[in-house]
Amino acid sequence: MSESIYGSHLKKLENVREELTEAVMLLRRKMAEENGMDPVEHCLSRIKSEDSMREKCRRKGIPEDEHSALEIIHDAVGLRVVTSFLRDVYAVRDMLVSLPSVEVIEEKDYIKKAKPNGYRSYHVILKCHGTVYAEVQIRTISQDTWAALEHHMKYKKAISGNTALIQEELKRCADELASTDISMQTLRDMILDQERT
Amino acid sequence: MKILLAEDTTDLNRVLTAALVHEGFEVDSAFDGEEALSLLEKNGYDLLILDIMMPKKDGIEVLREMRRLNNISPVLLLTAKSEVDDRVAGLDAGADDYLTKPFAMKELLARARAMTRRRREYSANDLAFGDITLHADSFELVGKNSIRLSVKEFELLQAFILQAGKPLTTSYLLEHVWQNVPGAMDDTVWLYVSYLRGKLEAVASQVTILGEKGGSYWLENGGAWQA
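Chains A and B, in that order, are what the protein sequence lines are. Read in order, the letters of the first sequence correspond to residues 1 to 197 in the working numbering. Read in order, the letters of the second sequence correspond to residues 1001 to 1227 in the working numbering.
Here is the structure:
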């Protein structure tokens, strides 16, 4: 491989990644001070690897070049913010979309409308400083747990014939976890309510 | 619906079995108490029809034994006209109803239908209200999204849907959904109502539960509930 698919723009991508991570950090500090609790469990970020980006270009049938990597594909910069409670997902989302350097390109609320397989997460694609695209995924610990475990199962490659049953059961697990998320949020609201009165 | 019939008089047993089968029930016949008990061990039944006077073990002994083993299937006792004490003993031992011999076949069939009706109507029946469906076999609440409810959440929502629009008091809910179990209190009901409100919102439903803590609650289609 002679040259990076990102050309000379890697530094710019790194800056956006740092800027968004910093913004999340600031929100965490602010909310921890105001409510006594950090809303974020953890926050991961990455620049999509050379290999993954080229693979994605091939999958999409587009040329493996700078234009594809920076303009057509929108997740060269990726952030995953994992929150404790359901409402925190929206607090993080509200903060990000109101950043002055940021323009919202697309939002997908897979929490309000889960994917058919049960996947829940809030996805937002941002354009930062008018040039760099970044994809941010925001979800609760339970939603993240499900996504991680589902990813590890690799049942799609199995040819045991009971794929339909596995899919149905994975969706049931997702729906049960979603139910628990709401119960935990409800309990938290009730506790906060009692503290206030 | 499966019925276990225990009756030692061969002819009567045969006639009753035929009539019940004709009515659409699946019937296992036993001719004495021990046979009835061994069938009970092997199979589940939606209704038991037990004659009291039977060889080996009488109907009341069978009844006591099955209740001791936590079998809660409904039981209809068949008694002779003079056996008042038997009827009392039978009901006290956990029978749900009795019929005095001689009886009209019509009446026996009507009682069998009545005693299996509750299960037929409420088991595995999906309930719908407004834009939501509540699946009884999976405890799944479906609107624009789907979510799984806990047993109590399911039972509470079921109560609301079955009496939609009617205000249900907290004490009514404690009695009918919680069966007044020790520890259940006004706050418990309020918490579960709050859970359900969140879950209705999570499936993006227009249906809401209205009412204040400690008071009456009711289901409304399109009502606006604010936290």
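Virtual Cβ for every residue (Gly too), placed ideally from N, Cα, C. Predicted, not measured: the structure shown is a model, and the values here were computed from it.
- The shortest C-alpha to C-alpha distance from S68 (chain A) to any of A:K12, A:I5, A:L170 is the one to A:I5.
- At least one C-beta of chain A is nearer than 8 Å to the C-beta of I1147 (chain B).
- At a cut-off of 8 Å between C-beta atoms, R58 (chain A) does not count as an interface residue with respect to chain B.
- The beta carbons of A76 (chain A) and L126 (chain A) sit no closer together than 8 Å.
- For I72 (chain A), the closest alpha carbon among the candidates A:I191, A:M153, A:V132 is that of A:V132.
- Counting the other CB atoms within 10 Å of its CB gives D181 (chain A) a total of 16 or more, which places it among the buried residues.
- The beta carbon of R87 (chain A) sits no closer than 8 Å to any beta carbon of chain B.
- Nearest in C-alpha terms to I166 (chain A), of all of A:A178, A:E150, A:V136, A:E176, is A:E150.
- Rounded to whole angstroms, L1157 (chain B) and A1202 (chain B) show a C-alpha spacing of 15 Å.
- Between R1148 (chain B) and E176 (chain A) a beta carbon distance of about 4 Å is seen, short of the 8 Å cut, so the two are scored as contacting.
- A straight line joining the alpha-carbon of M95 (chain A) with that of L27 (chain A) spans about 8 Å.
- S183 (chain A) and Y1195 (chain B) do touch by the CB rule: their CB atoms are close to 5 Å apart, below 8 Å.
- Counting only runs that start and end inside the segment 1061-1118 of chain B, the beta strand (DSSP E) elements of at least 3 residues fall at 1075-1080, 1097-1101.
- A Cβ-Cβ separation of about 17 Å leaves L1219 (chain B) out of contact with A1136 (chain B) under the 8 Å criterion.
- L1156 (chain B): member of the alpha helix (DSSP H) spanning 1151-1162, first to last residue.
- Taking a cut-off of 8 Å on C-beta distances, the segment 106-118 of chain A does not touch the segment 34-51 of chain A, as fewer than three cross pairs fall below it.
- By the rule that beta-carbons nearer than 8 Å mark a contact, T140 (chain A) does not touch chain B.
- Within the same chain, Cβ atoms closer than 6 Å to the Cβ of E66 (chain A) are found at G7, the five residues on either side in sequence being excluded.
- Put simply, the CB of Q185 (chain A) is near chain B, with a gap under 8 Å to one of its CB atoms.
- Cβ contact annotation for G130 (chain A) (same chain, cutoff 8 Å, sequence separation greater than five): E103, in chain order.
- Three or more pairs of CB atoms, one per stretch, sit closer than 8 Å, so the segment 1029-1047 of chain B contacts the segment 1055-1063 of chain B.
- The beta-carbon of A1136 (chain B) is placed no less than 8 Å from the nearest beta-carbon of chain A.
- In this structure, the alpha-carbon of L1077 (chain B) lies about 42 Å from that of I1132 (chain B).
- Counting along the chain, T1017 (chain B) sits inside the alpha helix (DSSP H) bounded by residues 1010-1022.
- Per DSSP, the continuous alpha helix (DSSP H) segment holding Y90 (chain A) begins and ends at 86-97.
- Residue A:A178 holds the alpha-carbon nearest to the alpha-carbon of G118 (chain A) among A:A32, A:A178, A:M31.
- Using a Cβ distance threshold of 8 Å, A1006 (chain B) and V1062 (chain B) count as a contacting pair.
- Residue burial annotation: A1018 (chain B) is exposed, with fewer than 16 other C-beta atoms found within 10 angstroms of its C-beta.
- Residue environment analysis places T1116 (chain B) among the buried positions, since at least 16 neighbouring C-beta atoms fall within 10 angstroms of its C-beta.
- Close to chain A, meaning a Cβ-Cβ distance shorter than 8 Å, are the following residues of the segment 1167-1191 of chain B: L1191.
- Distances from the alpha-carbon of I1052 (chain B) to those of B:L1174, B:F1160, B:Y1192, B:V1084 put B:V1084 closest.
- The DSSP-derived three-state label of T131 (chain A) is coil.
- Beta-bridge annotation (DSSP): F1129 (chain B) is paired with B:I1132.
- Between the alpha carbons of G1215 (chain B) and E18 (chain A) lies a distance of about 52 Å.
- Those residues of the segment 1189-1215 of chain B placed with their C-beta closer than 9 Å to a C-beta in chain A are W1190, L1191, S1194, Y1195, R1197, G1198, K1199, E1201, A1202, A1204, ordered along the chain.
- Taking 8 Å as the cut-off, the beta carbon of R1111 (chain B) is found closer than this to the beta carbon of D1097 (chain B).
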